[in-house]
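*Asks:* Residue numbers for the sequence shown follow the working numbering, beginning at -19 and rising by one. Attaching a single structure in structure tokens format; questions to follow.
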Amino acid sequence: MKAKKTVFVGIPQVVEQSSLRGKSGGVVGKKTVFVGMSGGVDSSVAAALLKQAKPNNFSKLFGRPTPKGFRGYLVIGIFIKIEIGGDCSWRQERRSAFTAAAILDIPLYTIDLSKEYEQAVVDYMLAEYRAGRTPNPDVMCNQQIKFGAFYDWAIKTRIDADKTQINADFIATGHYARVERTRELSMINSQFTNSKIKDIENSLEIENCKLKIPKDLIKDQTYFLYAIDREKLAKILFPLGDLKKDEVRKLAKKFGLPNADKPDSQGLCFVGDFDFKKFLREKIGVKKGEVKNEQGEVIGEHDGVYLFTIGERHGFTIYQHSNDEKPYYIVTKDLANNVLTVSTTPLSGSSEEVGEIALEKVNWLVTVKPTTAKIYHARLRHRGALTACQLREGEKGEWRVIFTEPITSPAPGQSVVIYDGDVCLGGGVIK
């Protein structure tokens, strides 16, 4: 099937041909899944696995029991167009997504979320940089775009295809994460009766979902997913949760996908290698400042403290730098005086060690908040080591993370994600 290249602006109106048949919901008995297809190998294989899924192979494909009454998935690909600052790299990615969709024989539609992305992600980053904080755009992108604007559109909007109206029962992406689903009985007013029969009659079976780390620990993306709404987990599928990256590439070759060996995307969410520092210079402006060593001597200059992150070693100028001299790493940022302090000793945060940090904008993905007595583990950066800690709830939604051993002080604005074993409990932003 050759997919047509169609762009939707605002609330999408489907004009692309589709092979769907039947009444609302497509094929009778099948659940409809809108798969976010980026043009990369991960989302393409995710779509392929969902299309292959049948009652007799579901458990083998996804590593969990076959859902009750499962008949298969009706898979529809969705490409999310993001164009920022005139960057048109999305066109090439969309061509790749259309090729994959054609090979898999699934329809692919395009929605334009550039405006939503600029408001939710770009404006957030600019505000954080202006305040001297280090933002985490991938967290915001997942919360506000992939599992925000896209999720809301997919679940709520009915699209027309061959006179068939459909909306999504689930959305799926190529993230490396897992959602564990268990059925539980929620008792209603059982304290008012002594009858076990009435207890059962007054109970409601609900689905409890937990976000868990994937099989591939190197590709684990739960750090970037902690901020999504807990209620949405029930309608989110992560088909790659029980696969490793090399297995995904092998499957891509098996499915005949031309992006099987395509390198993983790098850089900013959706826009890849977009020159964000250049963008910041244009939006915020250049403000020359001094670069000092740890002795307080001026040894160079920079274009603005807001452009740099603790631990970075590129982008500033050292006046006299010999070829055999070690590289300099940023160890502190003085926002008020627009001064960077650098050292030849790399640091992941400031030189100060701390025993606890405060979190704001905390989001929990579990129904019961963490307790103060238990030992949990915190991750302070993607692929960072897990550090033992305890938690204490404060006022106005603030939480404090108390580490069992001092850590190098992390950059304000970054995220801390809390784990209990293989379960991602949630997290927050460093104050």
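Ideal Cβ positions, reconstructed from N, Cα and C, are used throughout, including at glycine.
Would you list the one or two residues that DSSP bridges to residue 159?
*Replies:* Here residue 159 refers to the residue found at position 179 of the sequence shown. 191.
*Asks:* What first and last residue would you give for the alpha helix (DSSP H) that runs through residue 264?
*Replies:* In the sequence shown, counting from the first residue as 1, residue 264 sits at position 284. Annotation: the continuous alpha helix (DSSP H) that includes residue 264 extends over 256 to 264.
*Asks:* Look up residue 73 in the DSSP assignment and say whether it is helix, strand or coil.
*Replies:* Within the sequence shown, residue 73 is the residue found at index 93, counting from 1. If DSSP states are grouped into helix, strand and coil, residue 73 belongs with the helices.
*Asks:* With the cut-off set at 8 Å, would you say residue 91 and residue 58 are in Cβ contact?
*Replies:* Counting from 1 along the sequence shown, the entry for residue 91 is found at position 111. Counting from 1 along the sequence shown, the entry for residue 58 is found at position 78. Result yes, Cβ atoms of residue 91 and residue 58 sit closer than 8 Å.
*Asks:* So residue 121 is in the beta strand (DSSP E); what residue range does that whole segment cover?
*Replies:* Here residue 121 corresponds to residue number 141 of the sequence shown, with the count starting at 1. Where residue 121 is concerned, there is no enclosing beta strand (DSSP E), although the alpha helix (DSSP H) it sits in stretches over 117 to 121.
*Asks:* Can you tell me which of 154, 323, 34, 117 puts its alpha carbon nearest to the alpha carbon of residue 275?
*Replies:* Taking the sequence shown and counting its residues from 1, the one referred to as residue 275 is at position 295. Per the Cα distances, 323.
*Asks:* Could you round the C-beta distance between residue 21 and residue 157 to whole angstroms and report it? I think they count as a contact, below 8 Å.
*Replies:* Here the question's residue 21 lines up with position 41 in the sequence shown. Here the question's residue 157 lines up with position 177 in the sequence shown. Not a contact, Cβ separation roughly 17 Å.
*Asks:* Short check: CB of residue 232 to CB of residue 76, under 8 Å?
*Replies:* Here residue 232 refers to the residue found at position 252 when the sequence shown is read from its first residue. Here residue 76 refers to the residue found at position 96 when the sequence shown is read from its first residue. No, these two residues do not count as a Cβ contact at 8 Å.
*Asks:* Considering only their Cβ atoms, is the gap separating residue 130 from residue 60 smaller than 8 Å?
*Replies:* Here the question's residue 60 lines up with position 80 in the sequence shown. Here the question's residue 130 lines up with position 150 in the sequence shown. Yes, these two residues count as a Cβ contact at 8 Å.
*Asks:* Checking the sheet assignment: what are the DSSP bridge partners for residue 396?
*Replies:* Looking up residue 396 in the sequence shown gives position 416. According to DSSP, which records beta bridges pairwise, residue 396 is partnered with 408.
*Asks:* Could you tell me the distance, in whole angstroms, from the CA atom of residue 313 to the CA atom of residue 255?
*Replies:* Within the sequence shown, the letter at position 333 stands for residue 313. Within the sequence shown, the letter at position 275 stands for residue 255. Roughly 22 Å between the two C-alpha positions.
*Asks:* Could you pull the start and end residues of the beta strand (DSSP E) that residue 53 belongs to?
*Replies:* The count along the sequence shown starts at 1 and reaches residue 53 at position 73. Following the DSSP letters along the chain, one finds residue 53 inside the beta strand (DSSP E) bounded by residues 53 to 61.
*Asks:* Using CA atoms only, rank isn't needed, just tell me which of 249, 306, 321 is closest to residue 281.
*Replies:* Looking up residue 281 in the sequence shown gives position 301. Residue 321 is the option with its Cα nearest to residue 281.
*Asks:* Measure the alpha-carbon distance for residue 187 versus residue 345 and round it to whole angstroms.
*Replies:* The residue given as residue 187 occupies position 207 in the sequence shown. The residue given as residue 345 occupies position 365 in the sequence shown. Their Cα atoms are separated by approximately 14 Å.
*Asks:* Leaving out five residues before and five after residue 70 in sequence, what residues of the same chain have Cβ atoms less than 7 Å from its Cβ?
*Replies:* As a working note, residue 70 is residue 90 in the sequence shown. Result list for residue 70: 61, 62, 63, in chain order.
*Asks:* Would you kindly work out how many angstroms separate the C-alpha atoms of residue 210 and residue 366, rounded to a whole number?
*Replies:* To locate residue 210, count along the sequence shown from 1; it is residue 230. To locate residue 366, count along the sequence shown from 1; it is residue 386. Answer to the nearest angstrom: the Cα atoms are 22 Å apart.
*Asks:* Would you decide whether residue 386 is buried or exposed? Buried here means 16 or more other CB atoms lie within 10 Å of its CB.
*Replies:* On the sequence shown, residue 386 is found 406 positions in, with the first residue counted as 1. With fewer than 16 other Cβ atoms within 10 Å, it is exposed.
*Asks:* May I ask you to verify whether the region 216 to 224 touches the region 41 to 55, counting CB pairs closer than 8 Å and requiring at least 3?
*Replies:* yes
*Asks:* Please report the straight-line C-alpha distance between residue 83 and residue 26, rounded to a whole angstrom.
*Replies:* For the purposes of this step, residue 83 is taken as residue 103 along the sequence shown, with counting starting at 1. For the purposes of this step, residue 26 is taken as residue 46 along the sequence shown, with counting starting at 1. Taking the straight line from one Cα to the other gives about 14 Å.
*Asks:* Cβ atoms of residue 382 and residue 335: under 8 Å apart, would you say?
*Replies:* Locating residue 335 in the sequence shown gives position 355, where the first residue counts as 1. Locating residue 382 in the sequence shown gives position 402, where the first residue counts as 1. In contact: residue 335 and residue 382 (Cβ atoms closer than 8 Å).
*Asks:* For residue 370, which three-state DSSP category applies?
*Replies:* Working through the sequence shown from its first residue, we reach residue 370 at position 390. Correct three-state label for residue 370: strand.
*Asks:* Which residue's Cα is closest to the Cα of residue 78: 244, 128, 18?
*Replies:* Here residue 78 is taken as the residue at index 98 of the sequence shown, counted from 1. Comparing Cα positions, the closest option is 18.
*Asks:* Indicate whether the contact test is met: 3 or more Cβ pairs, each with one atom in the region 95 to 103 and one in the region 222 to 230, closer than 8 Å.
*Replies:* no
*Asks:* Candidates 151, 311, 348: which alpha carbon is nearest residue 273's?
*Replies:* Residue mapping note: residue 273 aligns to position 293 of the sequence shown, counting from 1. Ranking 151, 311, 348 by Cα distance to residue 273 puts 311 first.
*Asks:* Could you check whether residue 291 and residue 326 sit closer than 8 Å to each other, using their CB atoms as the reference points?
*Replies:* Position 346 of the sequence shown, counting from 1, holds the residue named residue 326. Position 311 of the sequence shown, counting from 1, holds the residue named residue 291. Yes. Within cutoff.
*Asks:* Please name the residue in 395, 10, 357, 400 whose C-alpha comes closest to that of residue 203.
*Replies:* Position 223 of the sequence shown, counting from 1, holds the residue named residue 203. The option with the nearest alpha carbon to residue 203 is 395.
*Asks:* Determine the direct distance from the alpha carbon of residue 407 to that of residue 397, and round the result to whole angstroms.
*Replies:* As a working mapping, residue 397 is identified with position 417 in the sequence shown. As a working mapping, residue 407 is identified with position 427 in the sequence shown. If I take the Cα positions, the gap works out to 4 Å.
*Asks:* How long is the line joining the alpha carbons of residue 248 and residue 190, rounded to whole angstroms?
*Replies:* The sequence position of residue 248 within the sequence shown is 268, counting from 1. The sequence position of residue 190 within the sequence shown is 210, counting from 1. Going by the C-alpha atoms only, they are around 27 Å apart.
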